[in-house]
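Inspection log for the structure reproduced underneath, given as structure tokens.
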Amino acid sequence: MNAEQKKSIKSTILECRDILEEDIEQVLINYGIYINKDWVNLRDLKNLTEKQEKNRKNIEKAIEKLKKGGFEKDKAVIEYIKEVSYTYLNRLAALRVMEVRGLIDEILIPRGEYGNRSFIGSRFYEVAREYCKYEMDGGLAYLLNIMFEEISEEIKMLFNTEDEYSFVTPSSTSLLKVIELLCSNIDEESWRQDEIIGWIYQYFNSIEKSEIYTRQDQKDFFISVDEVPATTQIFTPDWVVNWIIDNSLYKVYSEMKNGLRDKKNVEDIKLIDPCCGSGHFLVRAYDVFFEMYLEEGKYTIEEIPYKILENNIHGIDIDLRAVQLTGLILFIKTKTYLKENGYNTNTKGKLSVNLVCADAILLNGSRLEDLKEKHKNNKTILKMIEIIYEEFEDVRLKGSLIQPEKKLFPLFEEFKNRIARKELSKAKRTKKKQTKGQENLLEDQTISFDEYKSQRDFTKEERELMDSLNAIYSEAIKANDISRQLFATEATKSIKLVNIFMQKTGYDVVVTNPPYMGIGNMDIKLKNFIISNYNAGSEDLYSAFIMRCEEFLNENGILGMIVQHGFMFTPKYKDLRKNILEFNQIEKVVHLGTGIFEELTGEKVNSVMFTLNKTKQENLKSEFVDITSCENRADYPNITEGIKEYQINQEKFKIIKGYPFTYKLSENILNYFLKSNYKEYAHVQRGISTYANYKYIRFYWEVNNYEKWKWINQIPGGDRYVSLDNTVVDFSENAIEFYKSKGGYTGINYFNTEGMYYPRSPYGANFSAKYLHENTIIEDDKPGIFPKKGVDNFFLLGLMNSNLIIYFLNVINPTNHCQVGDVNRLPIKKFSLENNNIIKKNVLENIEDLRHKYSLIEISRYFNFENIIKLLSDSMEMTILNFLNIKDKIDLDVYNRDEIINRLVYDTYKISEDEVEFIEEENGVNNNIDVDKSDYIKLINEDNNPNYNLVSKKLNLRKDILIKKRIEEKLYGDKAIKKELENIISILIGCIFDRWNNDIKSIDDGIVPVNSSIYLEKDIIEQIYIIIGKYFGVENSDNTFEEIEEILGTTLEKYIINDFFKNHSRSYKKRPIYWHICSPKKTFNCFVYYHKLDDDTLYKVKSIYLSQMIDRYEEDLEYYTNQLIEARTNGDKSKEKDVKDKCSDLEAKLEDLSILDKKIMEILPYKPNIDEGVLYNIIPIEPILSAPVATKRERDNYYEEVGT
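For what it's worth, our numbering labels the leading residue of the sequence shown as -1, then goes sequentially.
Dropping the structure here:
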């Protein structure tokens, strides 16, 4: 299915959903049921018929059931509306699929030859003409209901017109609209493809999924019971499904044929997907099983589809709609196979599917007591009921992670023992009573106690309980008793789920794409359940499901999954890895990388698919395949370019502490890890966590009084060796008490200690260590590394930034989240004193050079205005080139020193040249010196500070050659030059506010307007002109000013008004200090300096600067109004038009100024507090700024804190 088809499906499904939900909500309103409003009492609804009154009661009970399942009242109504809408959309989609495939006569698509009715519609009209005439929809709704009932006789799970979501019917108008959309907007080719059902499901839930993703960064975010299905369902691409099925199910069958495992009849091979969603894996498995049955030749083609559904494939999901759609597509495939082979397609009474929805909401009350009373003499059944009720609590959250079989198996074992003893005793008594001639009758039938147990069918109790529940359901239908019907339905679901869990011999194959949800986002009930039952995999739902899927397998069974790759590497999954290595054989792993799932984006979603066998096989090597760098991954396994293959005995993973699946390490390098001795050289320590960075961490430019602030290594950016080091943390007594109360006050013994630190999550970059000042606090997410006695800090800093150590860390944990435990796994070799000193010398020079580079960056702690002045020239162009050149030269010198360090490290670790080449390729280092790349060098001009590592990789060109070429040939593009100019303009504006002690007369009130015709020399442009004269020479002022505007491509005033604040805000990490206050259409503009804010600032903006402009324009308007009267009096049409336009322009400007004036009045009184930081002070005045600064989450946090 191509992208255009998917786009059409998505837009159509969402439009259909809107139509149906709006319609169903109105239907409920007609019944007196509202979402955010009290319901109308049934007694007050005088217009309802007796049937409608009954319906209202039934709807209430259905909504009440949802409330018992964890929904709040309003959310339960919303959920009911959604489920009814989805039910009808699914039914209509099912009809469309079947009519397109010729499985039923056309009932939806209208044809001209049938009077714009469908084929069945036209036939119905012929026999019920009078009825159809009086119906708005021509009898369509009634006809559809007949069709639903007819199909429900074959597949009840989707078309059951007696379930709780059939109490409400969409209006005829809505049905017609939806049918038209489905028939006209989605082409027939799409309807013929099996995957359309999955995409309908995916896109229907996309609204909830999108909304949940936008909330992920909010404080105290977690996923509630109603959000779990939408959040955790991800459509698995065909090529992934095919690979997993081929390497699990098909592999099992191939090994049986080839004598590599015990042979079974095909009907005895069991497969389950415990998170089946819309059934993608089961649909593919269906096709494979069909071929297996054909090859076996035991059953006819007509029998095979029924055999597959009855015996082979099993599915569980927490979302009823997903299960229904899975059943639908399997039902359609069955009918399709039958039709294509010329068999009767009527499956009534023949179809049995092993699909269960794990969403049972078990209802208590009189129905439960009646059930217990009925079975009061059978202790096993009573205990079964007790276990089921206990285990199925919150099953809608837990899904197939519940483990009722762990309690039921012992119960049945106890029951077996009891019955077997009775029968054995009875057999012995019978033997004693034998008459002559019967002595040998039982002699040859002597049977052991265990054999009695194994031969007896102990599912009788289950069947008896099921029969009781079915009887309750049937009686409820006849009596129209919705309460008993709901009770029986939910209880039956639970028994069916138990049956799947208690598959006697386990499953030969388990396949799935499990839900992904970090433990921090889980509902507290789910979180506690996961920790209690799946502790080793409790960090995420997917890791818990790895454990659960292992439990489903029988001995020698195969598990195939696609999951996030973190479980293979990160320390928090070490117990899960230990379990996998101890009890399973890893067969094949394919490392996929990012971008596998269309609806998930970002580096965070890094995937891997794998198969493992539950029976461990000694000395068998596991196969790992890395296709993360391949462009055409969807063609795997039929690709060769970019693919990397490895074979390793999984026992080798036990060499490194924590058992990371470091499949890329060579035997030689792996042996280094036999002694992970990093702790002998240094201590790695995580520091404080504020649990509210927005409140307790500031950039240094936000702070006036440093008394309560300490420097903290919070910023992840910058180069190796040095960071911007521009953040401070609140270290007041109150703040420290808060950190302690949250458990975040750690690492205190290493505060204000010299060392180094590294960002645990550098987001797209390799590991990098940076020098840590002795007057700096370490932060939780940027652990400090502190050398032990006798180990030089600068030597260790150089070693940590070497390519070899970075490679070690990448293979220990390639998730881009380097943990303390990962660093502690490093093996450290002893270096000679000479090499130690060489590394130290080069590191110190790197730090000195990089500090100088950062002294030219305005937001750096090391910014030095004197160094800026040294680079100024007679012209702006030469000044910019000076800035760019010195930064590049520093980068080149650092690169060359790093190469010296890398060579010493490689030599000390005795890494061969072949291994060096491999390591540097893995690290993204390029050593090609081919310089014939001038056509592509423009890539490095995309930014003022280009990512040379990235460009080097793209161009297949060594980094130092790249930098040299840019310096020598001045390959600085327009974008790079403009970016540097924008930085210089920002520094010049800092001069206006006297930030750099630059002997420029500062602005006393911190307010600088923009409009030279009104504000004269106080205008910001005039101020910049004066500063240019001071530093570039008065004689060069005009030329320099012209250069500036030529590079900008606009006037300086337009740049300041339209672009400066956005650029400034971005450069200052959304914590700007020059605030652009303006009217909506930017008639008025001024800049306010953050550190000059006081209670009078906004009053001054309004009463002095804004009022001055209003007065000026009112005077002008009065003048031109008089001129307009004069022109009209004199009949001067030309002047009248000109003056009239000026009046209109002034009136528009005054209206614009009036809006700003009113907005300021709404904000006043404004009482800033610099101690609270930029964010706290800027949010209240965002309505009058030229661009927003805060994120939604930051605003929410602010208003929650201030209580408005």
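From the three backbone atoms N, C-alpha and C, an ideal C-beta is built for every residue, glycine too.
Just so you know, these numbers come straight off a predicted model, no measurement behind them.
The three-state secondary structure of Pro781, taken from DSSP, is coil.
Here Thr813 is buried. Its C-beta has 16 or more other C-beta atoms within 10 Å. Rounded to whole angstroms, the Cβ separation of Val726 and Trp707 is 4 angstroms, and the two are in contact under 8 angstroms. Asn883 carries a helical assignment under DSSP once its states are collapsed to helix, strand and coil. The C-alpha of Asn840 is placed about 11 angstroms away from the C-alpha of Leu795. Where Asp728 is concerned, the enclosing beta strand (DSSP E) starts and stops at 725 to 728. Counting only runs of 3+ residues, the beta strand (DSSP E) found wholly inside the segment 1072 to 1099 occupies 1072 to 1076, 1083 to 1087, in chain order. Note on Arg1064: under 16 other CB atoms within 10 angstroms of its CB, so exposed under the neighbour-count rule.
When beta bridges are read from the DSSP output, Asp624 appears opposite His589, Lys642.
Non-local C-beta neighbours of Tyr769 in its own chain, meaning closer than 7 angstroms and more than five positions away in sequence, comprise Tyr719, Val720, Met754, Leu795, Ile845, ordered along the chain. Across the structure, Phe991 and Asp1109 are spaced so that their CA atoms are roughly 27 angstroms apart.
For Ser984, the enclosing alpha helix (DSSP H) starts and ends at 972 to 990. The Cβ atoms of Asp521 and Leu395 lie closer than 8 angstroms to each other. If you look at Leu93, you'll find it in the alpha helix (DSSP H) that goes 71 to 98. Counting along the chain, Asn604 sits inside the beta strand (DSSP E) bounded by residues 604 to 611. With a 10 Å radius around the Cβ and a threshold of 16 neighbouring Cβ atoms, Asp317 comes out buried.
Judged by DSSP in its simplified three-state form, Glu752 adopts coil rather than helix or strand. When DSSP states are grouped into helix, strand and coil, Phe697 belongs to the strand group. By the neighbour-count definition (other C-beta atoms within 10 Å, threshold 16), Ala632 is an exposed residue.
Pro1007: member of the beta strand (DSSP E) spanning 1005 to 1007, first to last residue. DSSP places Ile1045 in the uninterrupted alpha helix (DSSP H) bounded by 1035 to 1046. In the displayed model, Ile998 falls within coil according to three-state DSSP, outside both helix and strand. Secondary structure note for Met520: it is in no alpha helix (DSSP H), with a DSSP letter that is neither H nor E. Counting only runs of 3 or more residues that sit fully inside the segment 667 to 698, the beta strand (DSSP E) segments are 680 to 683, 695 to 697, in chain order.
Contact between Phe659 and Met566 is confirmed by a C-beta separation of about 4 angstroms, below the 8 angstroms threshold.
Selection Arg993, Lys887, Lys851, Thr906 evaluated against Ile965 yields Lys887 as nearest (Cα-Cα). Around Ile695, the same chain offers Thr688, Ile710, Gln712, Thr725, Val726, Val727, Asp728 as residues with beta carbons nearer than 8 angstroms, after the five sequence neighbours per side are excluded. Between the alpha carbons of Glu193 and Gly30 lies a distance of about 39 angstroms. For Met1159, there is no enclosing beta strand (DSSP E); the enclosing alpha helix (DSSP H) covers residues 1131 to 1161. A Cβ-Cβ distance of about 5 angstroms is found for the pair Leu280 and Ile311, placing them in contact under the 8 angstroms criterion. Here Thr774 carries a strand assignment [DSSP, helix/strand/coil]. In the three-state scheme derived from DSSP, where H, G and I count as helix and E and B as strand, Asn647 is classed as strand.
Taking a contact as a CB-CB distance under 8 angstroms, the pair Lys1067 and Phe697 counts as one, their CB atoms being some 6 angstroms apart.
The C-beta of Glu1198 has fewer than 16 other C-beta atoms within 10 Å across all chains shown, which makes the residue exposed. Within the model, the alpha-carbon separation for Ser9 versus Gly67 is close to 31 angstroms.
Segment contact: the segment 87 to 99 against the segment 152 to 166, three or more CB-CB distances shorter than 8 angstroms; contact assigned.
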